[in-house]
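The sequence shown begins at 1 in the numbering used here and counts up one residue at a time.
Each residue gets a CB set at the ideal place from its N, CA and C atoms; glycine is no exception.
Please read these numbers as outputs of a predicted model, since none were measured by experiment.
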Amino acid sequence: MDKRDVIVNAVRELIETLKDIVGAANVLTEPVEQAPFLADWLGKYRGEAAAVVRPGTTQEVANVMAACTAARVPVVPQGGNTSMSGGATPDPSGQAVVLSLQRMRRIRALDPIGQTIAVDAGVILATVQSAAEEAGFFFPLSLGAEGSCTIGGNLAANAGGVAVLRYGVMRELTLGIEAVLPDGRIWNGMKALRKDNTGYALRDLFIGSEGTLGIITGAVLKLFPRPTARATAFAAVADVSSALRLLGVIRAHCGDRLTAFEFMTGETLAMIQRQIDSVRVPLEQMPPAGVLIELSDIDDETALSTRLERALSAAMDEALVADAVIAQDKAQAGEIWRLRESVSQALVREGRAIKHDISVPVSEIAEFVATADQAVAAAMPGIRPMVFGHLGDGNLHYNLMRPLAVTDAEFAAQSAMLTRIVHDETCRRHGSISAEHGIGQLRVDEMTVCKAPLELELMQALKQLLDPHGLMNPGKLLPA
Ligand code: FAD
Ligand code: MLT
Ligand code: ZN
């Protein structure tokens, strides 16, 4: 037998072991069954897998991990497969096993006194939101993919979204986690403690680790009082700079009732309207840029709307807002949100974007956009920046679309050069090349450019400690 036959036999044996652990129906080997697990949401990456395995309990995950490690087969953890950085897609070698958490969908417990919810990692984010609401509480993580992304994926990616301004990122919403190490040992860190000073924060090591250290199988999450009133507006602004000054005015009038402050350039708004029939910008004229503003409170709705109206009127007096609309009912608020939530789908329809997910200090974001716009236009005349995002967090999705006169292939050939410009501008301002989407495979080559050598060395050392055989999600997050 040559080396290839030995590997083929070892994989065949592993597949039989996996069937014993999770049942044959939960080990997918046929191409048609595997297909949804092998491509990413953006359609940018496509891989192959020896098998897709779907354990139903933490113990089954542990047994699967022990078997894969014994066979030295790499494992790609996958939740809802909505990653924007190719994080959950295997490479084309076909050697890896994709471990899907989609059968682990149990709400384990809800504690109304401690205001916490304990869940399996495969629970869909929207299910957690609904469970919280049914119990009279609120779970604030909110993003466009909430109907299909999972709590495990939210944790592994340390997801952000549209309510970070008020409630923080996934890390700040999490009290405890349960994780399975590559060798199959289970770490039960399902603590519901708000204070715990007993050394290194292992929980925080797994959060944001993008499946490179182990499998997150459960979590204890914080719940919040359910807002009973919401006020939603859409305001026309001249540019990022005015939007930031508007943010200051809204905060001064509304304090921490401000829940969302989402920015979109006029080009982005026009693109959404062009690509998605059912949405429209709720103003008479297409503005140079727009901001979706939402307040929430446990107050009465009229009082909240009046507060927002006063804030917007103060902003108009300062000539920061040219026009604005405040939603009069839930349906109108929903329409404004649909405009914002349609942006990812509109971008996919518009063509292949070069995606960037940067953050810089909030005070530098206007200058960042002005400098980056100038630099990419100089490098490729006619380039179309589609810029939107979570302005109050200093996080913009600085996407670049090809000039109309340039073909997709020509544009793709220049993509590394254009990304270099955007990321250099980000790093020069001590920013981050991934604010919320993660490094995945999309940005892995950028890590050595933007991360300090000491940071990379420490990250590699932790990886070696927890995953000595380098089997967890290879090719993602850490450069080879
Ligand atoms: P997957 O895509 O399956 O995996 C993501 C990463 O986590 C991969 O590296 C994977 O290997 C790892 N992983 C998954 N589950 C586990 C586990 N149980 N244990 C260990 N590792 C695991 N993100 C934001 O932050 N903010 C946004 O506003 C936002 N908007 C989006 C809008 C749309 C329309 C889409 C498609 C995506 C958006 N995203 C956003 C990106 C994505 O939804 C989030 O990153 C989400 O948290 C991923 O969850 P998932 O379950 O789909 O994870
Ligand atoms: C968003 O804020 O809508 C997202 O993070 C998704 C995207 O960048 O397309
Ligand atoms: Zn985002």
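Here K222 carries a strand assignment [DSSP, helix/strand/coil]. Secondary structure of T259 (DSSP, three-state): strand. Y398 is bridged by DSSP to V387. Nearest to L246 by alpha-carbon distance, out of A375, F263, R230, is F263.
Residue pairing for Q78: DSSP places it in a beta bridge opposite S100. A179 sits away from T116, with the two beta carbons spaced by 8 Å or more.
Checking the 7 Å criterion, the Cβ of L308 is out of range of every heavy atom belonging to the ligand MLT.
About 15 Å separates the Cβ atoms of K463 and T69, ruling out a contact at the 8 Å cut-off. With a threshold of 7 Å, the Cβ atom of A159 counts as near the ligand FAD, since some heavy atom of the ligand is closer than that. In this structure, the straight-line span from the alpha carbon of A353 to that of L477 is close to 21 Å.
Contact check for T268 against V343 passes: the beta carbons are separated by less than 8 Å.
The C-beta separation of P90 from G47 comes to about 4 Å, placing the pair in contact by the 8 Å criterion. When C-beta atoms of the stretch 250 to 264 are compared with those of the stretch 152 to 172, three or more pairs fall below 8 Å, so the two segments count as touching. K355 counts as buried, since no fewer than 16 other beta carbons sit within 10 angstroms of its beta carbon. DSSP lists L292, V325 as the bridge partner or partners of F234.
Counting along the chain, the unbroken alpha helix (DSSP H) around R338 starts and ends at 330 to 341. A distance below 8 Å between beta-carbons, with the five flanking residues on each side excluded, links D408 to the following residues of its chain, in chain order: G351, R352, R402. Scanning the stretch 14 to 83 from its first residue to its last, the whole beta strand (DSSP E) runs of 3-plus residues come out as 51 to 53, 75 to 78.
Rounded to whole angstroms, the separation of the alpha carbons of G160 and M170 is 6 Å. When the five nearest sequence neighbours on each side are left out, the beta carbons in the same chain lying within less than 6 Å of the beta carbon of R307 are those of C254, in order along the chain.
In the structure shown, L193 falls within a coil segment according to DSSP collapsed to helix, strand and coil. Inter-residue distance for A346 and Q332 is about 21 Å (C-alpha atoms, whole angstroms). Per DSSP, reduced to three states, the secondary structure at T198 is coil, with no helix or strand assignment. The Cβ atoms of I107 and L155 do not sit closer than 8 Å to each other. With a cut-off of 7 Å, the C-beta of M316 is classified as distant from the ligand MLT, since no heavy atom of the ligand falls inside that distance.
With a threshold of 7 Å, the Cβ atom of M84 counts as near the ligand FAD, since some heavy atom of the ligand is closer than that. The continuous alpha helix (DSSP H) containing I421 extends over residues 415 to 428.
Taken from the Cβ of K476, at least one heavy atom of the ligand FAD lies inside 7 Å. Sixteen is the threshold: when 16 or more other Cβ atoms of the shown chains lie within 10 Å of the Cβ of I272, as they do, the residue is buried.
Going by beta carbons, A379 and A233 fall outside the 8 Å limit.
For L110, DSSP records a beta bridge to I117. By the Cβ neighbour-count rule, A219 is buried, with 16 or more other Cβ atoms within 10 Å of its own. Your pair V61 and T217 checks out as a contact, with CB atoms roughly 5 Å apart and the cut at 8 Å.
For V76, the shortest separation between its Cβ and any heavy atom of the ligand FAD lies below 7 Å.
Between P479 and T448 the beta-carbon gap is near 5 Å, inside 8 Å, which marks them as a contact.
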